[in-house]
Amino acid sequence: MNVVNILEINYKHYGKCLKITNSVVEIIITIEYGPRIVKYGYVNGRNQFAEDINNKISTSHGDYYIIGGHRFWHLPENKDRTYIPDNKKVEYESIFNGVRLIQEIEKWTQVQKIIEIIFESSSSKVNILHKIVSLNAFDINISVSGITAMSKGGIEIIPLEKRKSGISPNKSFVFWPYSNIKDSRVYFGDRYVAMKVCENISENFKIGFNTNLSYALYYNENELFVKQFKRDKNNSNYPHMGCCYESFIGSNYIEMQTNSPLYTISTNQCVEHLEIWDLHKDVNLDFIDTFIDNYEN
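Just so we're aligned: 289 in the working numbering is position 287 of the sequence shown, and the numbers increase by one with no gaps anywhere.
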């Protein structure tokens, strides 16, 4: 039995969208462009994701807009390859307990992006499967990256490696050139790194994690968003100096970014990257260590 209800709606200024719900949580997806997931939250509840982000990135192929919500692209990051504008209509089809979104083939990269969104019955858990198919006539190296912009006012919590390694190192951080390591919005603790937005600080900050990390948390208004992802522990060939996870702080939002390893694929081959979203209500931040203990790195 299919547990979801799918309805075409007009949502705010995003135009025609799909609203999908399993009676516990709801997701809203743009279909006039994308694929973008612009809302995830409890039915009739607050949106976990940031909206109305006005950042624009100009490329030789047109303007790419970071509007908020969840999107995905491919790495290694390159301004004229990664930021291909996604301003065209998205096709969709119903699948069991969810929906499949299909983007047009990107003219300049000859890849096609597909997202499958699959709900679990009577649960806040949603599986987000990202796929990139290559239509190139030659082999390409590619990593899939899922990026979720979170609404301001919360705290991102990124657990640190728990595995013991004796006298050998077991964690490393990667910083982008514009990142101030003394940034007051970032806290380095013994069990996790915490990050938040401060409206009086407009400088960008980005950090990457080269560990066995497989999830991160975002706490906001007593609700806890859990973003798990499938990490290939047998493949260390991750982009950006080995980062499986990255986080970016802008002036009014935080981005939670998960990466797949870099793969070499041929014509008509596909790369997949799975995220699992979950949501908890009435969470006390004082007990956040309990949630960290519930998930394994």
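In this text, a Cβ means the ideal position worked out from N, Cα and C, and glycines have one as well.
Quick check on the DSSP output: the alpha helix (DSSP H) that includes P171 runs from which residue to which?
In the DSSP annotation of this structure, P171 is not part of any alpha helix (DSSP H), being labelled neither H nor E.
Check K14 in the structure and name its three-state DSSP category.
The answer is coil: DSSP assigns K14 none of H, G, I, E or B.
CB of G64 within 7 angstroms of CB of I39, strictly:
In this structure, I39 does not lie closer than 7 angstroms to G64 by Cβ.
Mind checking whether L215 and I159 have CB atoms under 7 angstroms apart?
For the pair L215 and I159, the CB atoms are not nearer than the 7 angstroms cut-off.
Integer Cβ distance of I107 from V199, believed to fall under 8 angstroms
Incorrect: roughly 36 angstroms between the Cβ atoms, too far for contact.
Keeping to the same chain, check which residues put their C-beta closer than 6 angstroms to that of D280; ignore five residues upstream and five downstream.
Result list for D280: S126, K127, V228, in chain order.
Going by alpha carbons, who is nearest to M243 out of G17, S174, N4, I86?
Proximity to M243 across G17, S174, N4, I86 peaks at S174, based on C-alpha coordinates.
Is the CB-CB distance between F207 and I251 below 7 angstroms?
Yes, Cβ-Cβ distance for F207 and I251 is below 7 angstroms.
What whole-angstrom Cβ distance do L77 and S145 have, given they're in contact under 8 angstroms?
That belief holds up - the Cβ atoms of L77 and S145 are roughly 4 angstroms apart, short of 8 angstroms.
I'd like to know if the stretch 23-36 and the stretch 85-94 are in contact, where contact means that at least 3 CB-CB pairs between them fall below 8 angstroms.
With the cut-off at 8 angstroms, the stretch 23-36 and the stretch 85-94 touch.
Cα-Cα separation, Y13 to K164
If you draw a straight line from the Cα of Y13 to the Cα of K164, it comes to about 42 angstroms.
Uninterrupted alpha helix (DSSP H) stretches inside the stretch 215-290 (no shorter than 4 residues)
As far as the stretch 215-290 is concerned, its whole alpha helix (DSSP H) runs of at least 4 residues are 241-244.
Using a C-beta cutoff of 7 angstroms, does F289 count as contacting chain B?
In the structure shown, chain B cannot be found, because there is only a single protein chain.
Nearest candidate by alpha-carbon position, reference I68, set N80, S62, A52:
It is A52.
Boundaries (first-last residue) of the beta strand (DSSP E) holding L162:
Per DSSP, L162 belongs to no beta strand (DSSP E) and is neither H nor E.
Does DSSP classify I294 as helix, strand or coil?
Three-state result, I294: helix.
Considering only the alpha carbon of each residue, which of G168, L103, V27, C246 lies closest to V176?
Restricting attention to G168, L103, V27, C246, the CA atom closest to the CA of V176 is found in C246.
Which class does W178 belong to by DSSP, given the choice of helix, strand or coil?
In this structure, W178 counts as coil in the three-state DSSP scheme.
Is the stretch 187-204 close to the stretch 228-237, with three or more CB pairs under 8 angstroms?
Touching, no.
Just to confirm the assignment, what range does the beta strand (DSSP E) spanning K41 have?
Counting along the chain, the unbroken beta strand (DSSP E) around K41 starts and ends at 38-44.
Outcome for H110 when other beta-carbon atoms lying within 10 angstroms are tallied against a minimum of 16:
Checking the sequence, you will find Trp at residue 110 rather than His. W110 should be labelled exposed.
Tell me which residues share the same chain as I82 and place their Cβ nearer than 6 angstroms to its Cβ, disregarding the 5 neighbours each side in the sequence.
For the sequence presented, residue 82 should be read as Asp rather than Ile. So the qualifying residues of the chain are T61, S62.
Checking the sheet assignment: what are the DSSP bridge partners for V188?
Looking at the DSSP assignment, V188 forms a beta bridge with M197.
Less than 7 angstroms between C-beta atoms, sequence neighbours within five positions excluded: which residues of the same chain meet that for F98?
Correct list, in chain order: N4.
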